[in-house]
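Report on the following structure.
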Ligand code: MIG
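Residue numbers (our numbering): 1 to 829.
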């Protein structure tokens, strides 16, 4: 099989063979409380304008709708939109405030339109909604300008047009760039057509597939091997609206604890307390900022979950305390497979509580994972989730701060296809079903059990959970990493479109293993990967050292490639820490709006199609463009910025968007550009995020007019939900021979406001005539170093072309005005 094949795709994933029935003519219709019910012979279709900007379509071939239950969709507090029904001889029309649904009567075909009637998406005239036994499928018209994004965790390329993608969570241990499926299932697609976007979310947990113009040039389709044809249409038209609506449907990534946004160091395994202390000490000695160290499966006693190997970890609590003093948090791995062994408390309690999945014959199913014979908790059962959540108490007592859920597809070594038998029974939230229905949600429900359990046990702290498997909505409970990648340039590149599409699919908090999991990177590859990885929302090095004997395998951390590379690696990680106020602010916005931190260009520039398929460039938040170096021995990096004016982040060199240019690079270069008028909140370097409070906020300000924001809170608790935070909005404007900077809004509590500000106006060639704050002139001092933090003043660095202004308190209305001698005012244009 060539690596370009869709390894996991079965014939029935795509082909409509004999036995398929397409829905026929409308025979009756009636308005019900929640929508329009349409009869087509025996079959029923229900179309519901459920919430603003979202229309739901359900099909019941037999006429009886399934239980209305979703693992993905969250409750909506807003009122259901009002709508009216119109009809004529050929069509029924559902008309809402922001869109229209047209239902053709013969045969029944559904199309979605903008309020002005313009067509957005239509059923394929030939097939439309169809079924074949348990299988269901919906064919939609394919336009030659349609491009497809989203669909969660996938290999190359960014635009999925021309592929068939399968949803079936899979332990894809040896995956390559075209392997599909991988570990997660997100049946959400964003369709982009000449800058206009709409979304389709097929909420079905069975093995499903999207055929995005591979087997037909006139139709694309989605369908599954069981469950209901049940999907949501999201009209857009901007990609941001689609992403935001989808996130409000399935839930956004909540604000994580700040420490989890720092650098994380992992390995399979740091397999003894001595090894863990060793890596911790080494990172601090080399002054590599780091917040988190992970313990992989070898910390356990014989791979028994929730135990410690006391030979290698004599006193976990003492280890956690000592690491805590150095500013480290510890995350431990927990797998779902429980060792079958009487006397092992987790096994015994699980048997007593009826927590393990049974096979079709009614006996607990025994598979094989790390501990040998294992049973699998039924995470689709409420009681089992709450039992499992409670098991984390011991870890919390020991001082462990976060949890890593692996192998939760679930992986089972006992079967050639890598997972448990389809005959396995699941509670399925009170509607018992076999594994075909539960497979894709198993991992998500494990992450949920973990998140909810830890939250219950430690109600004042935001849990940190990392999961490998998931289904739509998993982001409500856990961050996601992309599994067992490989140490190659190709895998480095692959991680970018993969994470960008995950971001569109609601998974804001995601990352790939920096340096590659399998194999060993060259020093250059590791450094380049780290220079990219500091922009992964989840910034973690991980590698496979072959278990407990990993003494033999080379180290993979920022200090393990020699002094020269350690220096480069330190600089990359320091950039992440300097940007932490920006990162945290963007994560807060992501939690509110669903717009991810790591963004494909199409999200910000829908009207600039030249960059829609850019795979190796991205936006970091809404202000920064990054074009990481992704090729070995690169001496230049070709960059094409989106339209508009841009400034090199390092030295404010102006760049015109729309034109490609070759940027000279050396091993330390991280090509990064700021938008015109960008205001980036930053701070001094710390060795871990909360080493020192953020007393002085640095605002890096680029030429032009624009805005920025800064969010801050205690970084760990839920107090921000009751006002314990600060949110500041800033504005910079260029007018005539002056540049004005203003804090336009402050919300929340002063306790989290900076004590002072350092405004750094970049690209200022000549010293200004004056700098005033609320009309009062500030004194000029010679150099930035001479500026004291207690006195307001300014200085100009001619070589760096930076004007620094230090201010005490900023208040709304206290405008800072920088006046130049002439209109040209010496700014870089
Ligand atoms: O069968 O726990 O993807 O990150 O280090 C391998 C050992 C099991 C797979 C995970 C990887 C982890 C490893 N795990």
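We put the beta carbon where it would ideally sit given N, CA and C, even for glycine.
Any non-hydrogen atom of the ligand MIG within 7 Å of residue i CB
i: residue 544; result: yes
i: residue 483; result: yes
i: residue 308; result: no
i: residue 407; result: yes
i: residue 333; result: yes
i: residue 297; result: yes
i: residue 517; result: yes
i: residue 275; result: no
i: residue 304; result: no
i: residue 468; result: yes
i: residue 529; result: no
i: residue 268; result: yes
8 Å contact criterion, which residue i and residue j should meet: CB distance rounded
i: residue 485; j: residue 158; result: Contact doesn't hold; Cβ gap of about 17 Å is too wide.
i: residue 792; j: residue 778; result: 5 Å
i: residue 156; j: residue 26; result: Between residue 26 and residue 156 the Cβ distance is about 42 Å, and since that is not below 8 Å, they are no contact.
i: residue 867; j: residue 231; result: What is shown of the chain runs 1 to 829, which leaves residue 867 out entirely.
i: residue 210; j: residue 201; result: Not a contact, Cβ separation roughly 11 Å.
i: residue 261; j: residue 619; result: The Cβ separation is near 17 Å, so there is no contact.
i: residue 353; j: residue 387; result: 6 Å
i: residue 665; j: residue 632; result: Contact doesn't hold; Cβ gap of about 12 Å is too wide.
i: residue 649; j: residue 667; result: Not a contact, Cβ separation roughly 18 Å.
i: residue 425; j: residue 360; result: 7 Å
i: residue 745; j: residue 801; result: Not a contact, Cβ separation roughly 30 Å.
i: residue 559; j: residue 282; result: 5 Å
Same chain only: Cβ atoms within 6 Å of residue i, ignoring 5 sequence neighbours per side
i: residue 6; result: Residue confidence for residue 6 is low, a pLDDT of 38 falling below 50, so the modelled location carries little weight and cannot support an answer.
i: residue 11; result: Annotation note: pLDDT 44 at residue 11 (below 50); position unreliable, no value reported.
i: residue 643; result: 608, 657 and 658
i: residue 727; result: 711, 747 and 748
i: residue 306; result: 346 and 391
i: residue 718; result: none
i: residue 815; result: 740 and 742
Close beta carbons around residue i, own chain, < 7 Å, minus the five adjacent residues each side
i: residue 408; result: 336, 442, 443, 446, 467, 468 and 469
i: residue 40; result: 23, 24, 25, 26, 27 and 108
i: residue 393; result: 457
i: residue 692; result: 686
i: residue 398; result: 316, 317 and 320
i: residue 8; result: Bear in mind that the predicted position of residue 8 carries a pLDDT of just 43, short of 50, making it too unreliable to give a figure here.
i: residue 369; result: 335, 337, 407, 411, 412 and 413
Residues near residue i by beta carbon distance below 8 Å, same chain, minus five either side
i: residue 4; result: For residue 4, the predicted structure reports a pLDDT of 33, less than 50, and the residue's modelled location is therefore unreliable. The matter cannot be settled from this model.
i: residue 69; result: 429 and 431
i: residue 194; result: 145 and 609
i: residue 356; result: 338, 350, 364, 365, 375, 376, 377 and 378
i: residue 395; result: 306, 332 and 403
i: residue 185; result: 152, 167, 168, 169, 205, 208, 440, 470, 471 and 472
i: residue 611; result: 601, 602, 605, 617, 640 and 642
Cβ of residue i within 8 Å of any chain D Cβ
i: residue 217; result: The displayed structure is made up of one protein chain only, and chain D is not part of it.
beta-carbon residue i near the ligand MN non-hydrogen atom, thresh 7 Å
i: residue 681; result: The model depicted lacks the ligand MN and carries the ligand MIG instead.
*Per the contact definition of three or more C-beta pairs closer than 8 Å, is the segment 698 to 714 in contact with the segment 668 to 688?*
In short, these stretches touch, since the Cβ pair count reaches three.
*Enumerated in chain order, which unbroken segments of the beta strand (DSSP E) with a length of 3 residues or greater are wholly contained in the segment 320 to 357?*
Counting whole runs of 3 or more residues, the segment 320 to 357 contains the beta strand (DSSP E) stretches 329 to 334.
*Mind listing, in chain order, the continuous alpha helix (DSSP H) runs of no fewer than 4 residues lying wholly within the segment 448 to 491?*
Assignment of alpha helix (DSSP H) within the segment 448 to 491, counting only whole runs of 4 or more residues, yields no such run.
*So does the segment 250 to 266 actually touch the segment 292 to 303, counting three or more Cβ pairs closer than 8 Å?*
Contact between the segment 250 to 266 and the segment 292 to 303 is present, with at least three C-beta pairs closer than 8 Å.
*At a cut of 8 Å, does the segment 380 to 390 reach the segment 422 to 438 through at least three beta carbon pairs?*
Counting C-beta pairs closer than 8 Å gives three or more between the segment 380 to 390 and the segment 422 to 438, which meets the contact rule.
*Taking one C-beta from the segment 219 to 229 and one from the segment 473 to 483 each time, how about it: are there three or more such pairs within less than 8 Å?*
The segment 219 to 229 makes no contact with the segment 473 to 483: fewer than 3 CB pairs, one atom from each, lie closer than 8 Å.
*Would you check if there are 3 or more beta carbon pairs closer than 8 Å linking the segment 230 to 249 to the segment 47 to 54?*
Yes: at least three Cβ pairs fall under 8 Å.
*Counting only runs that start and end within the segment 517 to 566, where is the alpha helix (DSSP H) found for 4 or more residues in a row?*
Taking only runs of at least 4 residues, the alpha helix (DSSP H) segments lying wholly in the segment 517 to 566 are 523 to 533.
*Check whether the segment 634 to 654 touches the segment 721 to 738, counting contact only when three or more Cβ pairs, one atom from each stretch, lie closer than 8 Å.*
The segment 634 to 654 makes no contact with the segment 721 to 738, as fewer than three CB pairs between them are under 8 Å.
*Given 8 Å as the limit, is there contact between the segment 502 to 514 and the segment 531 to 543, that is, 3 or more CB pairs closer than that?*
Yes: the two stretches touch, three or more of their Cβ pairs being nearer than 8 Å.
*So, do the segment 816 to 823 and the segment 763 to 773 have three or more beta carbon pairs nearer to each other than 8 Å?*
Taking 8 Å as the limit for Cβ pairs, the verdict is that the segment 763 to 773 does touch the segment 816 to 823.
*Where are the beta strand (DSSP E) runs, 3 residues long or more, that stay fully inside the segment 348 to 420, in chain order?*
At a cut-off of 3 residues, the continuous stretches assigned as beta strand (DSSP E) that sit fully inside the segment 348 to 420 are 367 to 369, 372 to 375 and 402 to 405.
_Touching by the beta-carbon criterion (3+ pairs, under 8 Å), the segment 579 to 597 and the segment 556 to 568_ = No: fewer than three Cβ pairs fall under 8 Å.
*Uninterrupted alpha helix (DSSP H) stretches inside the segment 227 to 301 (no shorter than 4 residues)*: Unbroken alpha helix (DSSP H) runs of no fewer than 4 residues, entirely contained in the segment 227 to 301, are found at 239 to 250 and 273 to 285, following chain order.
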